[in-house]
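Heads up: the first sequence begins at 1 in the working numbering, then just goes up one per residue.
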Amino acid sequence: AAMEKQVHPAKWTYENIDAMRAQLQSMGLSIDWSRELATCHPGYYKLQQELFLAFFEAGLAYRRKSWVNWDPVDQTVLANEQVIDGRGWRSNAPVERRELEQWFFRITRYADELLAAIDGLDRWPEKVRLMQQNWIGRSRGARVHFTLEGRPEPLQIFTTRPDTLDGASFLALSPQHPLAQELALRDPALKAFIAECEHLGTSEAAIEAAEKRGHDTGLKARHPYLDDVRLPVYVANFVLMDYGTGSIFGCPAHDQRDLDFARKYGLPVIETYRPVDARDPTEAELQLHRPRFAESAVLTVEGEALFHIAAAAYVDKSESVAVRYTAAGFMAESVVTPVDAVEKAIAFLEAQGLGEGTIQYRLRDWGVSRQRYWGCPIPMIHCPTCGVVPVPKQDLPVLLPDDASFERSGNPLAHHPTWKHVRCPKCGAAAERDTDTMDTFVDSSWYFARFVSPRAAVPFERAAVDRWLPVDQYIGGIEHAILHLLYSRFFMRALTDCGYLDMAEPFAGLFTQGMICHETYRDPEGRWLSPDEVTKADSGPLTADGRPVTVGRVEKMSKSKKNTVDPQRIIELYGADTARWFMLSDSPPDREMEWTDAGIEGAWRFVNRLWRLVTEAGALPPRGAAEPSGLRSAEGSAALAALKAAHRTIAGVSEDLERFHFNKAVARVHELANSLGELSGKDDASAWVRRFGFETLTRLLSPMMPHLAEELWQYLGGAGLLADQPWPAADPSLTVESTVEVAVQVNGKLRTTIRLPRDAEKGAAEAAALADQTVRRHMDGKAPRKVIVVPNRIVNVVV
RNA sequence: GCCCGCUUGGCGGAACUGGUAGACGCAUGGGACUUAAAAUCCCAAGGCUUCGGCCGUGCCGGUUCGACUCCGGCAGCGGGCACCA
Numbered sequence: 001a002a003m004e005k006q007v008h009p010a011k012w013t014y015e016n017i018d019a020m021r022a023q024l025q026s027m028g029l030s031i032d033w034s035r036e037l038a039t040c041h042p043g044y045y046k047l048q049q050e051l052f053l054a055f056f057e058a059g060l061a062y063r064r065k066s067w068v069n070w071d072p073v074d075q076t077v078l079a080n081e082q083v084i085d086g087r088g089w090r091s092n093a094p095v096e097r098r099e100l101e102q103w104f105f106r107i108t109r110y111a112d113e114l115l116a117a118i119d120g121l122d123r124w125p126e127k128v129r130l131m132q133q134n135w136i137g138r139s140r141g142a143r144v145h146f147t148l149e150g151r152p153e154p155l156q157i158f159t160t161r162p163d164t165l166d167g168a169s170f171l172a173l174s175p176q177h178p179l180a181q182e183l184a185l186r187d188p189a190l191k192a193f194i195a196e197c198e199h200l201g202t203s204e205a206a207i208e209a210a211e212k213r214g215h216d217t218g219l220k221a222r223h224p225y226l227d228d229v230r231l232p233v234y235v236a237n238f239v240l241m242d243y244g245t246g247s248i249f250g251c252p253a254h255d256q257r258d259l260d261f262a263r264k265y266g267l268p269v270i271e272t273y274r275p276v277d278a279r280d281p282t283e284a285e286l287q288l289h290r291p292r293f294a295e296s297a298v299l300t301v302e303g304e305a306l307f308h309i310a311a312a313a314y315v316d317k318s319e320s321v322a323v324r325y326t327a328a329g330f331m332a333e334s335v336v337t338p339v340d341a342v343e344k345a346i347a348f349l350e351a352q353g354l355g356e357g358t359i360q361y362r363l364r365d366w367g368v369s370r371q372r373y374w375g376c377p378i379p380m381i382h383c384p385t386c387g388v389v390p391v392p393k394q395d396l397p398v399l400l401p402d403d404a405s406f407e408r409s410g411n412p413l414a415h416h417p418t419w420k421h422v423r424c425p426k427c428g429a430a431a432e433r434d435t436d437t438m439d440t441f442v443d444s445s446w447y448f449a450r451f452v453s454p455r456a457a458v459p460f461e462r463a464a465v466d467r468w469l470p471v472d473q474y475i476g477g478i479e480h481a482i483l484h485l486l487y488s489r490f491f492m493r494a495l496t497d498c499g500y501l502d503m504a505e506p507f508a509g510l511f512t513q514g515m516i517c518h519e520t521y522r523d524p525e526g527r528w529l530s531p532d533e534v535t536k537a538d539s540g541p542l543t544a545d546g547r548p549v550t551v552g553r554v555e556k557m558s559k560s561k562k563n564t565v566d567p568q569r570i571i572e573l574y575g576a577d578t579a580r581w582f583m584l585s586d587s588p589p590d591r592e593m594e595w596t597d598a599g600i601e602g603a604w605r606f607v608n609r610l611w612r613l614v615t616e617a618g619a620l621p622p623r624g625a626a627e628p629s630g631l632r633s634a635e636g637s638a639a640l641a642a643l644k645a646a647h648r649t650i651a652g653v654s655e656d657l658e659r660f661h662f663n664k665a666v667a668r669v670h671e672l673a674n675s676l677g678e679l680s681g682k683d684d685a686s687a688w689v690r691r692f693g694f695e696t697l698t699r700l701l702s703p704m705m706p707h708l709a710e711e712l713w714q715y716l717g718g719a720g721l722l723a724d725q726p727w728p729a730a731d732p733s734l735t736v737e738s739t740v741e742v743a744v745q746v747n748g749k750l751r752t753t754i755r756l757p758r759d760a761e762k763g764a765a766e767a768a769a770l771a772d773q774t775v776r777r778h779m780d781g782k783a784p785r786k787v788i789v790v791p792n793r794i795v796n797v798v799v
């Protein structure tokens, strides 16, 4: 944005903050602005640098090489988002991979703990807990040693399915695997293949979605226990260096990806399991098919009973068949003595010295180095003699220079003329600062804990932390379900271990908002356009100067794709309350939603209608007037019905707000307004109920339309601010009706409804249903075989 | 490709733990008021119908007296996939 708008990032950021603050204030949100902080302010990032030093001290921050996307034309590191079909988004040059020394946070130290603690997050959505679990991805499996012919050192592979080793038909290495890199030095074709793989960039999505391809290295591996089996060793584009050992064995019969690969390169597909069928295997079969690692040929894998086809069976019969492995529904009760096939296989490998059982995590350490200007400088100094030296705490903050230049690509801090040149704090010799800044996810991993003592000289004031944290109710977009939330969970643990805090979980309750989505637009040059740069014509959407616009898919609003809508327009046109009411009424907040302006007029009409409803209702009894006697006993009166409606609305809205069902609360307020509008009686009871109803309505509205609610409160003679009044309470004796409408079905089809006293006896309900004319007609003169009665709900007559 | 969701009238959605599908709103049509328009108010409305009913919650199948809700499979859309944050 700074480059595009020719503005300094600081100015751009602070101006945006000002605009956002003004917008939030004009919405009338209840925010304690005295605690506002900005993570780009030196006061904040100074403390963040202190935390970084503490992490370094504790061994939680370390340096190692890692791969990045490199744009060879722009000479800059690209984010995955900036790699489009293997090319840089600005230069359009094929992307390369490059290895850089970078800083990492050791989140994997907490892998087990982060996983186990998910169970305790009982006020988190189940889907988020699942996503975090899968992200950490703890798997039991085995490291297996393969001997390579003509090479002294064995190749280690990791597998979660050692029980399918009998069906191995190839090995595959990641293009970044050291062995692959070594072989490429002497094999130009392999070198070219690896270079081609590297154009995919570093994103897992791109790598896994690409067509599966491999290059045969010519090496042969001995099968660990099948003496006459030799396996070809490939380098394959789908093997990830970051997971396991960066090398795998392929069992095409039991893995779709391996099967695709085997088909492509003509490799054998060797079945090792077949669903157990209805009959018991014979003794001869059990012997023939018994795998090396188990006593029985019937094994369970992932809960399914399967019949193992041991190596001997197919070697003898030269059997080679492709069968996809879907065993659901084949569990045969007569056969199974459950055996955990994976554990058996691990025990076998260990006993034979062919491998060992391990636990593998999908979770990787968090790379925090960014080659960017606008961020928190990493407080480290590189000295030619002392190596990596932390900036002494008293020298913090390491300030960003204001006079960076953004004309050149690459890292402005690296090519700033003076900034990086310092003396080594240890030896005093000339040294250089680390020119990387931290991932901004670091900023957001502790900001919530800073709010409790935003001006303190230390990162956290313990008394305030103990008073406020963990956060009772955290609210954020579902796009943060994994990274931000996991990083924050890691941070609290790391800070605890560094002595700053004493807590593990930052967020006791979590509510995830759905994304607000919008169509995306591009001009003929492919540049993103914002919705207000696009005009809708009969021939289709056009740019401001009348050129055709390409409409892209509907996706989450984002700055980079410009598909954002400014709510300020609505506030200016209709006022904050209309905007708030519209947003609350439109969709449940946890669902994604496509933004549309249709309906805003309806919210505006309702705001006006409420005002008229109250102010044009005629004379009301004074505030606090006693309830007319006899109102509650006047069964069937319109006034009592409206009074009950008001109490039901209190109960319903209270519950809806508590559960974040704002759109339902809105619907209930509409209903109450409707029923009060219909209460036209001139009698004392009606007038009293009208006042009670209006006051109730006003109170219930106050969180949603605070400005209108305060005005109505004054109009109704309320003292002080409505915001300071207690929330209304429903009278339980008025929220239930004495009779209920009960549906009557015949053979499961709704035929009529009957009105019964609440909580009527089952027998009475049955009798009433059977006596009904419509029911009798549909029973066709037959006697009921069965009658199901669900009290207050339904009677189902089965004939 | 993998992980997680979602899918209900013309539209946004409601339906609590398997028990009357379509609350409430938007848009629409008709009417009232008005010289007229706006605003407002009233009425109608899932589809089909021989007016008895029948069919309907993305698609196919299953469990159940009963399925939007549970189970199996599939499709479409959205989020995430570690440098968008």
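All C-beta atoms in this analysis are idealised placements derived from N, C-alpha and C, irrespective of residue type, glycine included.
Sequence-distant Cβ neighbours of L613 in its own chain, meaning closer than 7 Å and more than five residues away, are A673, L676, G677. Boundaries for Y474: no alpha helix (DSSP H) harbours it, while the beta strand (DSSP E) harbouring it runs 474-477, taken from the DSSP string.
In terms of Cβ geometry, T164 and C251 form a close pair [threshold 8 Å].
Residue pairing of T596 in beta bridges, as defined by DSSP: absent, with no partner found. Here the alpha carbon of S680 sits roughly 52 Å from the alpha carbon of K559.
In the DSSP secondary-structure assignment, K786 is bridged to V798. According to DSSP, residue pairing for R522 in a beta bridge involves W528, T550. In the structure shown, F158 falls within a strand segment according to DSSP collapsed to helix, strand and coil. The Cβ atoms of I107 and L495 lie no closer than 8 Å to each other.
Residues of the same chain with a CB within less than 7 Å of the CB of P548, apart from the 5 flanking positions on each side, are P524, G540, L542 in chain order. Within 10 angstroms of the beta-carbon of K264 lie fewer than 16 other beta-carbons, which makes it exposed. When Cβ pairs closer than 8 Å are counted between the two stretches, the stretch 21-28 is seen not to touch the stretch 416-429, the count staying below three. Excluding the 5 residues flanking it on each side, A619 has same chain C-beta neighbours closer than 8 Å at A687, in chain order.
Assignment of beta strand (DSSP E) within the stretch 433-500, counting only whole runs of 3 or more residues, yields 474-477 in chain order. Counting other Cβ atoms within 10 Å of its Cβ, H421 stays below 16 and is therefore classed as exposed. Taking the Cα positions, T160 is about 37 Å away from L51. DSSP lists V744 as the bridge partner or partners of T752. The DSSP assignment places 662-678 as complete runs of the alpha helix (DSSP H) inside the stretch 650-689, in order along the chain (cut-off: 4 residues). Per DSSP, the continuous beta strand (DSSP E) segment holding K536 begins and ends at 534-537. Counting only runs of 4 or more residues that sit fully inside the stretch 702-733, the alpha helix (DSSP H) segments are 706-715, in chain order. When rounded, the separation of the alpha-carbon atoms in A192 and G526 is 31 Å. By the Cβ test, the stretch 400-420 is in contact with the stretch 66-79, since at least three Cβ pairs between them sit closer than 8 Å.
Between D255 and T300, the CB-CB gap reaches or exceeds 8 Å. Given a length threshold of 4 residues, each whole run of the alpha helix (DSSP H) inside the stretch 150-230 is given here in chain order: 178-184, 188-198, 204-209.
Shown here, K562 sits in coil according to DSSP, grouped into three states, outside any helix or strand. An exposed status is given to N16, since fewer than 16 other beta-carbon atoms sit within 10 Å of its beta-carbon. Remark: fewer than three beta-carbon pairs, one from each stretch, lie closer than 8 Å, so the stretch 637-651 and the stretch 581-598 are not flagged as touching. Taking a contact to require three or more Cβ pairs closer than 8 Å, the stretch 466-484 and the stretch 511-520 qualify as touching. Distance from the Cα of S405 is smallest, within the candidate group L226, L130, T418, D395, for T418. The alpha-carbon of R21 is positioned some 12 Å away from that of D32. DSSP places F582 in the helix class (H, G or I) of the three-state scheme. When the beta-carbon positions are compared, H518 and E594 come within less than 8 Å of each other. According to the DSSP assignment, M380 belongs to the beta strand (DSSP E) that extends over 380-383.
Within the model, the alpha-carbon separation for R423 versus F146 is close to 50 Å. Of all alpha-carbon atoms in F293, Q714, S637, E671, the one lying nearest the alpha-carbon of K682 is that of S637. Taking 8 Å as the upper bound for CB-CB distance, A168 and L231 are in contact here, some 6 Å apart.
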